[in-house]
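Have a look at the structure below before the remarks.
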Amino acid sequence: MNVFAIGIGGTGAKCTEALVHLHAAGLITDQDGKNVRLGTFLVEPDQQSTLLARTEIAIDRYSKVRDLIGNATEGFAASEIDHYGTWSPLAGATPGISLDQVFSKPVLRNEAPGLAALFDCLYPPEEQKAELDVGFRGRPPIGSAVMSRISLDKAAESGAWKRLLSDIQTASGSGDPPIIHLFGSVFGGTGASGVPTLGGMLKSWLQQQGLSKVRVHASLLLPYFDFDGQGDQGTGVHAEARNFQLNTDAALQYLANNGKACFDQVYLVGSDIKARYDFSIGGRSQDNDAHIIELLATLGVRHGCGTPGARDYAYILSRSKEDQISWADLPDNSVIGEGLARAARFAVSWRRNYSLEVDAAQNTPVKTFASGAPWIRKYFSMTEESTARSEGRPSIRAQDQLALKQAIDGYSATLIQWLRQFSSNTGLGFNQELFSEDQLNNEETYANQLHSVVRGSAKPTLAEHDDTVDRIKVLMDELPESKIKFRGVAGLTDSLWKLCIQAKNS
Amino acid sequence: MKPKQFIPLVGCVIAGILWIFIGQNFVLLNALGGLIGGGGLPLLQFLESASSPSFQALWFTCVAVTLIWLFTTTKKSPMNSAEVREMQPAWWVCAVVLVLLGWAYQLFFTVLKWRISGTAPVEGIEANYFQVQPGGWITLLVLVVLDVGLLFWLPTMLASPKSYRLVVPGAMKFIGGR
Chain A
1 MNVFAIGIGG TGAKCTEALV HLHAAGLITD QDGKNVRLGT FLVEPDQQST
51 LLARTEIAID RYSKVRDLIG NATEGFAASE IDHYGTWSPL AGATPGISLD
101 QVFSKPVLRN EAPGLAALFD CLYPPEEQKA ELDVGFRGRP PIGSAVMSRI
151 SLDKAAESGA WKRLLSDIQT ASGSGDPPII HLFGSVFGGT GASGVPTLGG
201 MLKSWLQQQG LSKVRVHASL LLPYFDFDGQ GDQGTGVHAE ARNFQLNTDA
251 ALQYLANNGK ACFDQVYLVG SDIKARYDFS IGGRSQDNDA HIIELLATLG
301 VRHGCGTPGA RDYAYILSRS KEDQISWADL PDNSVIGEGL ARAARFAVSW
351 RRNYSLEVDA AQNTPVKTFA SGAPWIRKYF SMTEESTARS EGRPSIRAQD
401 QLALKQAIDG YSATLIQWLR QFSSNTGLGF NQELFSEDQL NNEETYANQL
451 HSVVRGSAKP TLAEHDDTVD RIKVLMDELP ESKIKFRGVA GLTDSLWKLC
501 IQAKNS
Chain B
1 MKPKQFIPLV GCVIAGILWI FIGQNFVLLN ALGGLIGGGG LPLLQFLESA
51 SSPSFQALWF TCVAVTLIWL FTTTKKSPMN SAEVREMQPA WWVCAVVLVL
101 LGWAYQLFFT VLKWRISGTA PVEGIEANYF QVQPGGWITL LVLVVLDVGL
151 LFWLPTMLAS PKSYRLVVPG AMKFIGGR
């Protein structure tokens, strides 16, 4: 099954970031439990956005692991991903373009004075003059005006859109029709204007193409953060937290009237307890940490894939404790809990132990190293030569193995950063019982204890002193040959992926 | 400790008791008596007053050191290969100290104990120590090494927990990856 995820605006990008991590953890599956093929596409006028960059890094790092690992694993990084790129609705425009330039106001004034007057009526001068390369400044009307100029037929002729729409067409020919899932906030600028606009356009395009089986879903984020501080006169038109509710009301009214023309299924997620982010007009300074709400929004994709025949229109989630979120509050929590716990424990074990061990093995005779790390004999050749393979086992010093190790390092660091961010960024007076942020750090020092990485019901039932990376190494060394299908770094990570959540010794 | 470590450990302890307290004396008396008891050494008296106490002292020491080793390795959880390998010299120190102590016990119970007290171990003989032949000394010293093997090397090889189990020499060859 194919899922095409389109993240629109900063929040949409953050949801796509969460989706990549869920997908990497093997949690985006179809109704038969098979991993889907994920296509990602980002829509963001603010090309300097840190949120966009962070998502692109996550996609790029996971893609790199996938490219290098191929089919050499069963569990770890087994889900395919394809990134179609990032597209700006202002692509090709001059830097610092403003709304009056987008609509060529002088020309409009000469050729259609009535329309120019309407334009003046709808947009005050400061909105007309605001530079849009930092995004739509929290103003949905600006975004709607720009977004509505997009023609999908024209876009389908070249670039990222062409490849995306072509792949949607191809995928819809298979027995399992694809899902297009859009992400964005309804309270900011780009997402609020872009998600319904693009949703409607895609629905129309699909109808034109006769692809009625393709479903368009959307995760729409209601307000879940506030700004600490606000812009001043120098920042010009900017997003203001006091407008979030107003924007949301308008978006929900629009959806109530026109939603079915835009989406087949909608997931609305928000929070009454708000995270606090530093004010930013956009660009590099907009560095908001990941949030649990984005994870919940992303789980809409899992729900949509797992229940393709669902006819309900909206789904509702709530939490059982006012000041806390725990695994029990997540939909399908036993599977999600185990999957995310596995991913977190894998990332910590790899980044803060196994990877450092592979580094240490570069400067130690292999047999000497193996006397303290017997597990390496299962995956790597015991000869000193850097190119030698024996019984299908590559050398721990082979360049291809080191390149894969580096790629997994990169992805693990990104995953740890994301887990840490959403574990610590809960908002005032609100806490989470999912992960312990203290253990989720990217220090390049050895860690052995895994007991406190995961909290709550997803934590493996092991005694604290026994829940260590060393225990996993022993389990690994005790694996019968029949259970080790792959060798080298790929085989090592695959075994680690399987064993890192195992509660009992084999 | 897992059953697959605990059971061999118990087996080693039982084998050690049977060997030190029964089997070894039987072998010394019946198979190696000629090597040790030549030159008029009263073998039964030697076994009772010198050999048995010295090997029993070695047994107690080996059991104590083995338990300390197992306790230490069970309590510690190594973070990496280097930390595991750091225990290799520690194991060798234990083994060498046990062999040296075993030899010292032999020397003490055969010679020093009697010389210090100034008494003769055998009535009617003037020498105030057991007059063991050179071949007998070599036999006793070799037996000490074998006993340390049985009482320290074997149980630590079979019962060392976690990543420490392959620290013991020969573990890789004899038990490999479990």
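Protein chains in written order, with the numbering used here: chain A, 1 to 506; chain B, 1 to 178. Positions of the beta carbon are idealized from the N, C-alpha and C atoms, including for glycine.
Simplified DSSP assignment, three categories, for residue i
i	result
N30(B)	helix
Y164(B)	helix
V144(B)	helix
D226(A)	strand
G429(A)	coil
G7(A)	strand
Y379(A)	helix
S52(B)	helix
R215(A)	strand
H291(A)	coil
L492(A)	helix
T40(A)	strand
N353(A)	helix
E437(A)	coil
R178(B)	Bear in mind that a pLDDT of 43 at R178(B), under 50, signals an unreliable position, so the model cannot answer this.
A275(A)	strand
L27(A)	coil
Q265(A)	strand
S506(A)	At S506(A), the pLDDT of 39 sits below 50, so the modelled position is not reliable; the number obtained from the coordinates is stated separately. Here S506(A) sits in coil by DSSP.
I81(A)	strand
L182(A)	strand
R397(A)	coil
I59(A)	helix
S326(A)	strand
Q449(A)	strand
G135(A)	strand
N247(A)	helix
S98(A)	strand
T66(B)	helix
Residue nearest to residue i in terms of C-alpha spacing, selected from the options
i	options	result
R345(A)	A370(A), S452(A) and Q362(A)	S452(A)
L517(A)	Q48(A), K129(A) and G188(A)	A query on residue 517(A) cannot be resolved here, the shown segment of chain A reaching from 1 to 506 and no further.
V214(A)	A458(A), N2(A), W497(A) and M476(A)	N2(A)
A50(B)	A57(B), F21(B), F109(B) and A82(B)	F109(B)
M1(B)	K173(B), Y164(B) and G170(B)	Y164(B)
R115(B)	L101(B), G102(B), Q131(B) and W103(B)	Q131(B)
A95(B)	V168(B), A15(B), I7(B) and I17(B)	V168(B)
M476(A)	Y379(A), S412(A), S457(A) and D82(A)	Y379(A)
G194(A)	A347(A), L182(A), R455(A) and R342(A)	L182(A)
E48(B)	L29(B), F174(B), V13(B) and T66(B)	L29(B)
L150(B)	L166(B), F26(B) and C62(B)	C62(B)
G429(A)	P394(A), R276(A), Q399(A) and A218(A)	R276(A)
L51(A)	T368(A), E294(A), V348(A) and V474(A)	E294(A)
I6(A)	S204(A), A490(A), G491(A) and S219(A)	S219(A)
L419(A)	E433(A), A407(A) and Q406(A)	E433(A)
Assumed close pair residue i, residue j - CB separation to whole angstroms, cut-off 8 Å
i	j	result
G259(A)	T190(A)	Between T190(A) and G259(A) the Cβ distance is about 19 Å, and since that is not below 8 Å, they are no contact.
Y84(A)	A160(A)	5 Å
S148(A)	T197(A)	6 Å
G39(A)	S79(A)	Going by Cβ atoms, the distance from G39(A) to S79(A) rounds to 12 Å, so no, they are not a contact pair.
Q421(A)	D289(A)	4 Å
G410(A)	R61(A)	4 Å
I416(A)	P460(A)	In fact, because the Cβ distance is near 18 Å, the residues do not count as touching under 8 Å.
S77(B)	N448(A)	6 Å
I8(A)	G184(A)	4 Å
Cβ of residue i within 8 Å of any chain D Cβ
i	result
M79(B)	Within the model displayed, chain D is absent; protein chains A and B are what it includes.
Task: Interface residues of the stretch 340-367 of chain A facing chain B [CB-CB below 8 Å] - done: N353, L356, E357, A360, A361 and T364
Open item on the list: Along the stretch 457-478 of chain A, where does the CB come closer than 8 Å to a CB of chain B? Name the residues.
Closed with: H465, T468, V469, D470, R471, K473, V474, D477 and E478
Open item on the list: Quick test of the definition: if touching needs 3 or more C-beta pairs under 8 Å, does the stretch 49-58 of chain A touch the stretch 314-327 of chain A?
Closed with: no
Open item on the list: Count Cβ pairs between the stretch 80-91 of chain B and the stretch 352-367 of chain A that sit closer than 8 Å; are there 3 or more?
Closed with: yes
TODO: Give, in chain order, every residue of the stretch 163-184 of chain A whose Cβ lies closer than 7 Å to some Cβ of chain B.
DONE: none
Task: Selection of the stretch 82-106 of chain B by Cβ proximity to chain A, strictly under 9 Å - done: A82, E83, V84, R85, E86, M87 and Q88
Task: Contact set between the stretch 442-455 of chain A and chain B, restricted to residues whose Cβ is under 7 Å from the partner - done: Y446 and N448
Task: Three-pair Cβ contact test at 8 Å for the stretch 477-497 of chain A versus the stretch 331-339 of chain A - done: no
Task: Inter-stretch contact (C-beta, 8 Å, three-pair minimum) for the stretch 289-303 of chain A and the stretch 14-22 of chain A - done: yes
Open item on the list: Residues of the stretch 8-28 of chain A in Cβ contact with chain B at a cutoff of 9 Å, in chain order, please.
Closed with: none
Open item on the list: With three or more beta-carbon pairs closer than 8 Å as the criterion, would you say the stretch 117-133 of chain A touches the stretch 160-177 of chain A?
Closed with: no
TODO: Could you name the residues of the stretch 144-164 of chain B whose beta carbon sits closer than 7 Å to any beta carbon of chain A, in the order they occur along the chain?
DONE: K162 and S163
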